[in-house]
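S.K.:
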């Protein structure tokens, strides 16, 4: 009993450590990307400043040459003629994008899909009905292999664990079990985790991210949900299981 408890605690500790490492790696990668973007922007400004400084130096050289020319001219014997040196103001850079309105209108037209029709096509393409049956089988197996039951048999040998599970599964559940056994040495804890992963990958819930706050409260069926996403500028995105169908433009893509 104590050895089983220690084994379970070790597994949980390994899972927590692995999760922490993954989150740490994601955090480091995100930080590196942000730093690279900032460095890129700073370099652009530095190049612009260098270019303007070069233009100013060229103008100053021209002014000096004009002064030298004017100082070399002959002076009147009785009167000093006043001289005026004209200075040239450098032209200001124009950062306005005059075609932005037309480009944005074209973008909005291209992304003006009826997402209900798109969702309908995705529903048919992804064999949602077949996945629903598979999900029901997975849920049934997960219910039978509850955390408590897995804990009880985890201390047994692999063959003994498998024999116990085979006694409680039906025909459809046995097919799922055989799919797991194709590539893995049996272990009830690994099976339990694999079932959860399969349920996530074959999730039949369809989530549509939109730019309109009003649409998020409307109902579109029990497996279809519509959510407002403030990061979207135009269009929409559809999420099904581990898939994303992108019909939108995010704010970070315009930076």
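In full-length UniProt numbering, the protein residues as written are 1 to 255.
Here a beta-carbon is modelled for each residue, glycine too, at the ideal position from N, C-alpha and C.
Taking only runs of the beta strand (DSSP E) that begin and end inside the segment 138-218, which ones reach a length of at least 3 residues, in chain order?
M.R.: Qualifying beta strand (DSSP E) stretches, in chain order: 206-210.
S.K.: Using a Cβ-Cβ cutoff of less than 7 Å, which residues in the same chain neighbour residue 186 once the five nearest sequence positions on both sides are dropped?
M.R.: Cβ neighbours of residue 186 beyond the five flanking positions: 158, 161, 162.
S.K.: Using the three-state DSSP reduction, which class does residue 121 fall into: helix, strand or coil?
M.R.: Three-state DSSP puts residue 121 in a helix.
S.K.: Report yes or no: do the segment 234-243 and the segment 186-204 share at least 3 C-beta pairs separated by less than 8 Å?
M.R.: Yes: at least three Cβ pairs fall under 8 Å.
S.K.: Mapping DSSP to helix, strand and coil, what is residue 248?
M.R.: Correct three-state label for residue 248: strand.
S.K.: With a cut-off of 8 Å, do at least 3 Cβ pairs link the segment 204-213 to the segment 116-132?
M.R.: Counting Cβ pairs under 8 Å, three or more are found: they touch.
S.K.: Please classify residue 137: is it buried, with 16 or more other beta-carbons within 10 angstroms of its beta-carbon, or exposed?
M.R.: By the 10 Å Cβ count, residue 137 comes out buried.
S.K.: With the cut-off set at 9 Å, would you say residue 246 and residue 228 are in Cβ contact?
M.R.: In this structure, residue 228 does not lie closer than 9 Å to residue 246 by Cβ.
S.K.: Tell me the DSSP bridge mates of residue 224?
M.R.: Beta-bridge pairing links residue 224 to 206.
S.K.: With residue 145 and residue 188 assumed to form a contact (beta carbons below 8 Å), what rounded beta-carbon distance in angstroms separates them?
M.R.: Residue 145 to residue 188, Cβ: 7 Å. Contact.
S.K.: Which residue's Cα is closest to the Cα of residue 225: 167, 233, 237?
M.R.: Nearest of 167, 233, 237 to residue 225, Cα basis: 237.
S.K.: Assign residue 241 to one of three DSSP states: helix, strand, or coil.
M.R.: Residue state, collapsed to three classes: coil.
S.K.: Assuming the contact rule is C-beta atoms closer than 8 Å, residue 8 and residue 190 should be a hit. Round their C-beta distance to whole Å, please.
M.R.: 13 Å between Cβ atoms; not a contact.
S.K.: In chain order, what residues of the same chain have a beta carbon less than 8 Å from the beta carbon of residue 135, not counting five sequence neighbours either side?
M.R.: Contacts found: 199, 202, 203, 204.
S.K.: Taking only the alpha-carbon atoms, compute the straight-line gap between residue 173 and residue 222 and give it to the nearest angstrom.
M.R.: About 25 Å.
S.K.: I need the straight-line Cα distance from residue 18 to residue 6, nearest angstrom please.
M.R.: Rounded to the nearest angstrom, the two C-alpha atoms are 18 Å apart.
S.K.: Can residue 28 be considered in contact with the ligand NAP, in the sense that its beta carbon sits closer than 8 Å to one or more heavy atoms?
M.R.: For the structure depicted, the ligand NAP is absent and the ligand set is empty, with no information on it obtainable.
S.K.: To the nearest angstrom, report how far apart residue 235 and residue 31 are at their CA atoms.
M.R.: Each residue's alpha carbon lies about 28 Å from the other.
S.K.: Closer than 9 Å, CB to CB, is residue 103 near chain D or not?
M.R.: Structure shown: chain D not included; a single protein chain is present.
S.K.: Starting from residue 235, follow its DSSP beta bridges and name the residues at the other end.
M.R.: Per DSSP, 248.
S.K.: Using the C-alpha atoms, what's the distance from residue 139 back to residue 156?
M.R.: If I take the Cα positions, the gap works out to 24 Å.
S.K.: Report yes if the C-beta distance between residue 151 and residue 4 is below 9 Å; otherwise report no.
M.R.: Yes, Cβ-Cβ distance for residue 151 and residue 4 is below 9 Å.
S.K.: For residue 126, name the three-state secondary structure that DSSP assigns.
M.R.: Residue state, collapsed to three classes: coil.
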